[in-house]
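From first to last, the protein sequence lines stand for chains A and B.
So the first sequence is numbered by my numbering: it starts at 361 and just counts up by one.
So the second sequence is numbered by my numbering: it starts at 22 and just counts up by one.
In this text, a Cβ means the ideal position worked out from N, Cα and C, and glycines have one as well.
Some notes on the structure that comes next.
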Amino acid sequence: MKRRKVGNIGIVIGDDTIRAAQLVDGRLLFTSVPIGDNAKKSLRQLVSSAPFIGRNVMVGLEGRAVLIESIVLPPGTARDARKVCTDRLKGDPLFSADKAVLGVAVETMGGDAAGGQALAIMAAMNKERLVEMMKACRESELNVQGVESAALAAWRAWPGKGLQVRLVRSAGHDMVLAGNDEKLLFCRIVDAPVLPAELRATIGRAASLLGTESFSHVTIAGIDEVGRAEIASGLDIDVHVPAQNIEDAAAAGMAAEGVPLADFTPPEERVLREKRRVRKVGMAMAAGCGVLLLAAGVLGGQHISSLKDRKASLEQQRDVIKADRQQLDELNTRLAREEANEAVITMARPGHRMSTLFALISQKANKAISLETIKLEDKEDMPPPGYTGPLGRRVEARLNGLASSGLAVRQFADALLATGAFADVRVEASERVLLAGGTDGERFRIYARAETH
Amino acid sequence: MKLAGRMSMIATALLLGSSGVVYPLKQSMTSAQIDVDVLESELAHDQGVHDQLLAAHARMLEVQQRIQSRPFSLCPDSPEAEHEFETKLLELVQGSGLNSVKMDRQAENRSGKLPSLNIDLVVEGDAFALHKFLEALEGTRWVTRVLSIAIEPGNEVRRMTLQIAVMLEPKP
Chain A
361 MKRRKVGNIG
371 IVIGDDTIRA
381 AQLVDGRLLF
391 TSVPIGDNAK
401 KSLRQLVSSA
411 PFIGRNVMVG
421 LEGRAVLIES
431 IVLPPGTARD
441 ARKVCTDRLK
451 GDPLFSADKA
461 VLGVAVETMG
471 GDAAGGQALA
481 IMAAMNKERL
491 VEMMKACRES
501 ELNVQGVESA
511 ALAAWRAWPG
521 KGLQVRLVRS
531 AGHDMVLAGN
541 DEKLLFCRIV
551 DAPVLPAELR
561 ATIGRAASLL
571 GTESFSHVTI
581 AGIDEVGRAE
591 IASGLDIDVH
601 VPAQNIEDAA
611 AAGMAAEGVP
621 LADFTPPEER
631 VLREKRRVRK
641 VGMAMAAGCG
651 VLLLAAGVLG
661 GQHISSLKDR
671 KASLEQQRDV
681 IKADRQQLDE
691 LNTRLAREEA
701 NEAVITMARP
711 GHRMSTLFAL
721 ISQKANKAIS
731 LETIKLEDKE
741 DMPPPGYTGP
751 LGRRVEARLN
761 GLASSGLAVR
771 QFADALLATG
781 AFADVRVEAS
791 ERVLLAGGTD
801 GERFRIYARA
811 ETH
Chain B
22 MKLAGRMSMI
32 ATALLLGSSG
42 VVYPLKQSMT
52 SAQIDVDVLE
62 SELAHDQGVH
72 DQLLAAHARM
82 LEVQQRIQSR
92 PFSLCPDSPE
102 AEHEFETKLL
112 ELVQGSGLNS
122 VKMDRQAENR
132 SGKLPSLNID
142 LVVEGDAFAL
152 HKFLEALEGT
162 RWVTRVLSIA
172 IEPGNEVRRM
182 TLQIAVMLEP
192 KP
């Protein structure tokens, strides 16, 4: 959004009217309201009667509350101008030292060192009226940036070059202003309309004070074309109008930027102005700080939120890993059990087949052998002291029976050994016996051992 | 108080106020960052768990396939499985032509490395029936071991006492 270029609202408080002007984007706004018994109400009405921007005002007084005189100081008395002016106003019912505020602008012609005469513009402002107006401004919530004489401010209404003289009609008064470039050096206020002879004399006096024979032209503001024509007919110099249309030169001068010739701003208003500046800067700093804090809060909040999201995501991952770890532990336990089972199966599976051993014994016992008792035992080896590993096993066979002869017993034992299933076959006992029926026989006891696991 | 002093005072107040607002925010951020760092560290430490789990699964499948591919296994250590074995044993006895005289179930042997259920079996029959019974017993899917065979004197049909052990699964 484009920022609008606006200046202070220039307010001119006269005897009967209050006028205002403001420069907004190079265009001057003017308004005017009659002043009533209630100055505050009038001020509020004034400010709201035109689209003014802001509450900063420059207040200018004119009329009975202000006295302006151009005086010539004798050579060497420029430094005592204020005293001269005070002495001049002594005893005045409205503008004596205790009843008015004095402002003096001094310009030494030809330089102070040259010791030439000095021109002074003395402005006195009635204190009572000033206080009343300041109170009205404060109550209307207007920020008074400065107070000066509206007549003197009229010089700033439009720019000019070189020595020049101007006639400004404002609020029933005609002001003859003369100066050089931007500097006002002469001011005389008379009741309007000024007579041509008086105007001519005043312009002539101004020319002489400014050190010139005459002015080439007079610039007139606030007077219509007919009035200008009348004035022009009574003067022997040209009559000009300002380049831009100046409806109210005093208000326009108050609204224009520039250094007041005589500043009447009361000390309390200066204090208030300082306070307003402090408040404004403080508010700006607080606003900046607030914006920074808000930004920091938003960014920090976002960062914290992001960290919390990340934390939640990580916690989910942690939970998944925790579940994985628990599953892994269970799986490892089951795996260890399965592997143990596998080892147990391998270890538990006998290294022999008892059916085979029994079949071998049965097959090798031919007609010459009669087995009475057979005892097969699967025994575990005795472990050596301290040994905890898998133990070997052995199958022991104890065979008792009768044979036709001792040779048959030997042949039976040899046949068992020859099978390769037994590692050791021993005939533990063999004795000759008489069998039933009167035949001889051989009673035997064989021990055989098969190694296995 | 001068303008600069007032400005300084306002600036100081704003600075202190801002610090009061920003400090807790910073603390919260630091705390949250620490939590995240700790979690990341824990996760980095446990990064290999998933791979370990997959490897353990693969190993488990391998072991289970190996066990399942064997024609024999351990008898589950449960009353139902033990009862099933006893029933099967009696079926084998009858199927092989032996006559069951007595079957005693001994206390389970859990003291050794290989827990087992031992059964004393007294039967009557000839050698062929016994051989058939032994073959059938060795052909069952459970790992069994004939701990002893004692054949008493007699003619064709004899009394035989067998001690049979079936290997049980170790308890976890």
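Buried/exposed call for A:Q524, threshold 16 Cβ in 10 Å: By the neighbour-count rule (16 or more Cβ atoms within 10 Å), A:Q524 is buried.
Proximal chain B residues relative to A:A719, where beta-carbon distance stays under 7 Å: For the C-beta of A:A719, the chain B residues within less than 7 Å are, from N- to C-terminus, H152.
Distance CB(B:R87)-CB(A:E791) smaller than 8 Å: No, these two residues do not count as a Cβ contact at 8 Å.
Through-space distance from B:R162 to A:R339, alpha-carbon basis: Residue 339 of chain A is absent from the structure shown; chain A starts at 361 and stops at 813.
Proximity test, Cβ basis, 8 Å: A:Y807 and chain B: Not an interface residue.
heavy atom of the ligand NAD below 7 Å from B:T108 C-beta: No copy of the ligand NAD appears in this structure; indeed no ligand is present at all.
A:V619, DSSP secondary structure in three states: DSSP places A:V619 outside both helix and strand once states are collapsed to three, so it counts as coil.
Nearest residue (CA-CA) to A:A610, options A:F546, A:I591, A:A514 and A:S665: Closest option to A:A610, Cα to Cα, is A:A514.
Inside the stretch 478 to 506 of chain A only - beta strand (DSSP E) runs reaching at least 3 residues: Correct list: 478 to 486.
Contact set between the stretch 728 to 739 of chain A and chain B, restricted to residues whose Cβ is under 9 Å from the partner: Correct list: L731, E732, T733, I734, K735, L736, E737, D738 and K739.
Beta-carbon contacts of B:M30 that lie in its chain and below 7 Å, excluding the five residues immediately before and after: Sequence-distant Cβ neighbours of B:M30 in its own chain, meaning closer than 7 Å and more than five residues away, do not exist here.
In DSSP terms, what B:L75 is bridged to: Bridge partners of B:L75: none, in fact.
Beta-carbon proximity list for A:A410, same chain, < 8 Å, skipping 5 on both sides: Cβ contact annotation for A:A410 (same chain, cutoff 8 Å, sequence separation greater than five): A380, Q382, L389, F390 and T391, in chain order.
A:R486 classed as buried or exposed, judged by whether at least 16 other C-beta atoms fall within 10 angstroms: The sequence as given places Asn at residue 486 of chain A; Arg does not occur at that position. Counting the other CB atoms within 10 Å of its CB gives A:N486 a total of 16 or more, which places it among the buried residues.
Neighbour list for A:V631 in chain B, Cβ cutoff strictly below 7 Å: Result: empty, since nearest Cβ-Cβ is about 11 Å, beyond 7 Å.
Local conformation of A:T706 per DSSP, three classes: Reduced to three states, the DSSP call for A:T706 is helix.
N- and C-terminal bounds of the beta strand (DSSP E) containing A:S765: For A:S765, no beta strand (DSSP E) run applies, since DSSP gives it neither H nor E.
A:S568 burial status per 10 Å Cβ neighbour count (16 or more: buried): So A:S568 counts as exposed.
Candidates A:G436, A:K459 and A:P435: closest to A:T446 by CA position: Checking every option, the nearest Cα to that of A:T446 belongs to A:K459.
Rounded C-alpha distance that separates B:F106 from B:H66: Looking at the two C-alpha atoms, the distance is approximately 50 Å.
Given A:K635 as reference, the closest of A:K495, A:G386 and A:Q505 once Cα atoms are compared: If you compare the alpha carbons of A:K495, A:G386 and A:Q505 with that of A:K635, the shortest gap goes to A:Q505.
Status (buried if at least 16 other CB within 10 Å, exposed otherwise) for A:A478: Under this definition A:A478 is a buried residue.
Extent of the continuous alpha helix (DSSP H) run through B:Q184: No alpha helix (DSSP H) holds B:Q184; the beta strand (DSSP E) holding it covers R179 to M188.
Short Cβ contact (8 Å threshold) for A:I371 with A:N416: Contact check for A:I371 against A:N416 fails: the beta carbons are separated by 8 Å or more.
Cβ distance (whole Å) where A:F455 is taken to contact A:A484 below 8 Å: Under the criterion of beta carbons closer than 8 Å, A:F455 and A:A484 qualify as touching, at roughly 4 Å.
Reference A:P453, options A:D738, A:A622, A:E488 and A:E508, closest by Cα: Per the Cα distances, A:E488.
Boundaries of the beta strand (DSSP E) in which A:Q524 is found, first to last residue: L523 to S530 is the span of the beta strand (DSSP E), which, as asked, contains A:Q524.
Run of the alpha helix (DSSP H) containing B:L168, from where it starts to where it stops: According to the DSSP assignment, B:L168 belongs to no alpha helix (DSSP H) but to the beta strand (DSSP E) extending over T165 to I172.
Inter-residue spacing [alpha-carbon to alpha-carbon] between A:V366 and B:P45: Rounded to the nearest angstrom, the two C-alpha atoms are 43 Å apart.
Candidates B:R91, B:N139, B:I170 and B:A32: closest to B:A186 by CA position: In terms of Cα proximity to B:A186, the closest of B:R91, B:N139, B:I170 and B:A32 is B:N139.
Start and end residues, alpha helix (DSSP H) containing A:M469: It is not in any alpha helix (DSSP H) - A:M469 carries neither H nor E in the DSSP assignment.
Element boundaries [beta strand (DSSP E), containing A:D551]: From DSSP, the beta strand (DSSP E) with A:D551 extends over K543 to D551.
Exposure of A:I373, with buried meaning 16 or more beta-carbon neighbours within 10 Å: Looking at its Cβ environment, which holds 16 or more other Cβ atoms inside 10 Å, A:I373 is buried.
Delimiting residues of the beta strand (DSSP E) encompassing B:K123: Bounds of the beta strand (DSSP E) holding B:K123 are N120 to R126.
Boundaries (first-last residue) of the alpha helix (DSSP H) holding B:I55: Segment L24 to H66, the alpha helix (DSSP H) holding B:I55.
Residues within the stretch 51 to 75 of chain B neighbouring chain A, beta-carbon criterion of under 8 Å: Within the stretch 51 to 75 of chain B, the residues whose Cβ lies closer than 8 Å to some Cβ of chain A are A53, Q54, D56, V57, L60, E61, E63, L64, D67, V70, H71, Q73 and L74, listed in chain order.
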